[in-house]
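Residue numbers (the working numbering): 949 to 1097.
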């Protein structure tokens, strides 16, 4: 899953969380014009955050949290300079492994995918459900994956 060149860590220290927020600011706030108030929320304090490093540079991030429904995968972001290398998939696969270890009885994963990146999530087994909706002025689609199936 990881190579010597790439490493994924759980972001815990203030410096690591700052790196997570810097990637999300670049991708969601600057590129996609999301409001910082919509991007950063109270759930950042309870979610588990991950950073993917290319060599020693953090280039991708994602978070998850356990909810009443299951495991919600959120805030998957890769810096523009590092896209097309499969890093978002690596982060999500890492989230699958980490959350399965922590919550072995939880097999349901879900997320709100930007419609433009639905193929990425579909390639990992997520299926769309319900109607599209607007979140942060971007069209999204709810998607889910039951790993028991």
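All residues carry an ideal CB built from backbone N, CA and C; glycine is no exception. Since this is a predicted model, take the numbers as computed values, not measurements.
The DSSP assignment places complete beta strand (DSSP E) segments of no fewer than 3 residues inside the segment 1020-1086 at 1056-1062, 1081-1083, in order along the chain.
In the three-state scheme derived from DSSP, where H, G and I count as helix and E and B as strand, residue 1016 is classed as coil. Contact holds between the segment 951-960 and the segment 1001-1013, because three or more Cβ pairs, one in each stretch, are under 8 Å apart. For a cut-off of 8 Å, the C-beta gap from residue 1042 to residue 1060 is around 19 Å, too long to register as a contact. C-alpha of residue 969 to C-alpha of residue 998: approximately 11 Å in a straight line.
A straight-line Cα-Cα distance of about 21 Å links residue 1006 and residue 989.
Spanning the alpha carbons of residue 987 and residue 976 requires a straight line of approximately 7 Å. Spanning the alpha carbons of residue 978 and residue 993 requires a straight line of approximately 22 Å. A distance below 7 Å separates the beta carbons of residue 1054 and residue 1019. In the DSSP assignment, residue 971 falls outside any beta strand (DSSP E) and lies within the alpha helix (DSSP H) extending over 962-972. Considering only 1038, 954, 1051, 1031, the residue with the shortest C-alpha distance to residue 1004 is 954.
Assigned with DSSP and collapsed to three states, residue 977 falls in helix. Of the residues 1071, 1091, 1034, the one whose Cα lies closest to the Cα of residue 1062 is 1091. By the CB criterion at 7 Å, residue 1025 and residue 1082 fall outside the cutoff.
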